[in-house]
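Residues in the sequence shown are numbered from 1 upward in steps of one, following my numbering.
Comments concern the structure below.
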Amino acid sequence: MQYPEYRPRRLRLNPIIRAMVRENTLSSKDFIYPLFVKPGVGLRDEVSSMPGQFQISLDQLPAEIDELKGLGIGAVILFGLPEHKDAVGSEGYAEHGIVQEAIRAIKKHDPDFYVITDVCLCEYTDHGHCGVLDENNYVLNDVTLELLAQEAVSHAAAGADMVAPSDMMDGRVAAIRSALDHEGYENVPIMAYSAKFCSAWYGPFREAADSAPQFGDRSQYQMDPANGDEALRETELDIEESADIVMVKPALAFQDIVWRVKEAFAMPTCVYNVSGEYAMVKAAAQRGWIDEKRIVLELLTGFKRAGADMIITYHAKDAARWMREAAHAGVAGYKR
Numbered sequence: 001m002q003y004p005e006y007r008p009r010r011l012r013l014n015p016i017i018r019a020m021v022r023e024n025t026l027s028s029k030d031f032i033y034p035l036f037v038k039p040g041v042g043l044r045d046e047v048s049s050m051p052g053q054f055q056i057s058l059d060q061l062p063a064e065i066d067e068l069k070g071l072g073i074g075a076v077i078l079f080g081l082p083e084h085k086d087a088v089g090s091e092g093y094a095e096h097g098i099v100q101e102a103i104r105a106i107k108k109h110d111p112d113f114y115v116i117t118d119v120c121l122c123e124y125t126d127h128g129h130c131g132v133l134d135e136n137n138y139v140l141n142d143v144t145l146e147l148l149a150q151e152a153v154s155h156a157a158a159g160a161d162m163v164a165p166s167d168m169m170d171g172r173v174a175a176i177r178s179a180l181d182h183e184g185y186e187n188v189p190i191m192a193y194s195a196k197f198c199s200a201w202y203g204p205f206r207e208a209a210d211s212a213p214q215f216g217d218r219s220q221y222q223m224d225p226a227n228g229d230e231a232l233r234e235t236e237l238d239i240e241e242s243a244d245i246v247m248v249k250p251a252l253a254f255q256d257i258v259w260r261v262k263e264a265f266a267m268p269t270c271v272y273n274v275s276g277e278y279a280m281v282k283a284a285a286q287r288g289w290i291d292e293k294r295i296v297l298e299l300l301t302g303f304k305r306a307g308a309d310m311i312i313t314y315h316a317k318d319a320a321r322w323m324r325e326a327a328h329a330g331v332a333g334y335k336r
């Protein structure tokens, strides 16, 4: 096809035809909203590096859930800030840990709201790493697997709908699947952080979750950002171990990985639009350098175009409001 017989602008002439040929549609139902929960009462502490994001106490959860439901957002992923930390992250798998109690609080308020839990030890260990350390500060893989499995089971017992291991230990999906099935939670799915890179984009999250490593970094277990083939191998391993959903994290600089994962495996695929990506947009918007609404909706649509079926994003509330406004105004491509 060549000009002048073929004129692509014919299909851009007006909003109606643009809507008819639009390839990707963004919906609030695509979003999973992260929540940071902490002990206390009446707490809603803003994260300084993430404007509009808060660490909240359990009594604040009902209002959060009502707001999200009102915006058409049907799922959250929970991260906990424990009262006490120790070398093995014991509050992460305690029956009455902060996340376990948050699950119960949400389910008491709204039994049908979908609750996903992050399964990792970094928020609960006093050293900030994602597993148990030996005397040389090496994260012990197989010892850590036992604790991650306990954590996942404790979340399921509290009422979690889905668990999401983010630790990047070898064999964690199989260990968690086996433990869940053994305890009668065979219908609780696993969303695996399959291609999780050792990224600089996580910086603000470390403040939000109080999970910064006290020494070194996480490159001995998280992936090298330079590697793409390895991401596919990691994802394939998780699928073989019975992951129900696979994830790529971060999102913005790794959309090629999202595309490759979706093309290779055709599995339900999630992306995590991480804290540094959020903070960068917020900072530029506050300075008047960008149009925040257009940038955010373009980013989120880009993740869908790359192959994401669902998006964990701190922008979820704002994006849902903007999409509702756009839908009411008859703008193509956005749904509640």
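Idealized CB from N, CA, C, for every residue including glycine.
When secondary structure is reduced to three states using DSSP, LYS196 falls in the strand class.
Shown here, LEU35 sits in a strand according to DSSP, grouped into three states. By the Cβ criterion, the segment 46-57 is not in contact with the segment 84-92, since fewer than three pairs of Cβ atoms, one from each stretch, lie closer than 8 Å. In this structure, the beta-carbon distance from TYR202 to VAL274 falls below 8 Å. When DSSP states are grouped into helix, strand and coil, LYS249 belongs to the strand group.
Inside the segment 110-175, DSSP marks whole alpha helix (DSSP H) runs of 4 or more residues at positions 141-158, from first to last along the chain. Taking each of PHE303, GLU234, MET247 and SER211 in turn and checking the Cα distance to PHE36, the smallest one comes out for SER211. Scanning its chain for C-beta atoms nearer than 8 Å, with the 5 sequence neighbours on each side dropped, one finds around ALA320 the residues SER28, PHE31, LEU71, GLY72, ILE73 and ARG336, in chain order.
Here TYR278 has MET50, GLN53, PRO204, THR313, TYR314 and HIS315 as same chain residues with Cβ atoms under 8 Å from its own Cβ, once five neighbours each way along the sequence are excluded. Assignment of THR313 by DSSP, reduced to helix, strand and coil, places it in the strand class.
Between PRO268 and ILE245, the C-beta gap is smaller than 8 Å, which places the two residues in contact.
Under the criterion of beta carbons closer than 8 Å, LEU58 and ALA105 qualify as touching, at roughly 5 Å. At a Cβ-Cβ threshold of 8 Å, TYR33 and LEU68 count as neighbours. GLN2 sits exposed, since fewer than 16 C-beta atoms from the chains shown fall within 10 Å of its C-beta. Of GLY131, ASP112 and ILE17, the smallest CA-CA separation from ASP217 is found for GLY131. For ASP112 and GLU5, the gap between their C-alpha atoms comes out near 54 Å. Taken through DSSP and simplified to helix, strand or coil, LEU78 comes out as strand. The DSSP assignment places complete beta strand (DSSP E) segments of no fewer than 3 residues inside the segment 38-65 at 44-46 and 54-57, in order along the chain. Around the beta carbon of ARG177, 16 or more other beta carbons lie within 10 angstroms, which makes this residue buried. In this structure, GLY276 lies away from PRO213, with their beta-carbon atoms at least 8 Å apart. Beta-bridge pairing by DSSP links ILE190 to VAL163. Excluding five sequence positions before and after ALA306, the CB atoms of its chain that fall closer than 6 Å to its own CB belong to GLN255, VAL258 and TRP259, given in chain order.
Along the length of the segment 260-288, whole beta strand (DSSP E) runs at least 3 residues long occupy 269-273, reported in chain order. For ASP224, the secondary structure class from DSSP, reduced to helix, strand or coil, is coil. Within the same chain, Cβ atoms closer than 8 Å to the Cβ of MET223 are found at MET168, ALA195, LYS196, PHE197, CYS198, GLU230, ALA231 and GLU234, the five residues on either side in sequence being excluded. For ILE290, no alpha helix (DSSP H) segment is defined, and its DSSP state is neither H nor E. Excluding its 5 nearest sequence neighbours in each direction, ALA284 has C-beta neighbours in its own chain below 7 Å: ILE290, listed in chain order.
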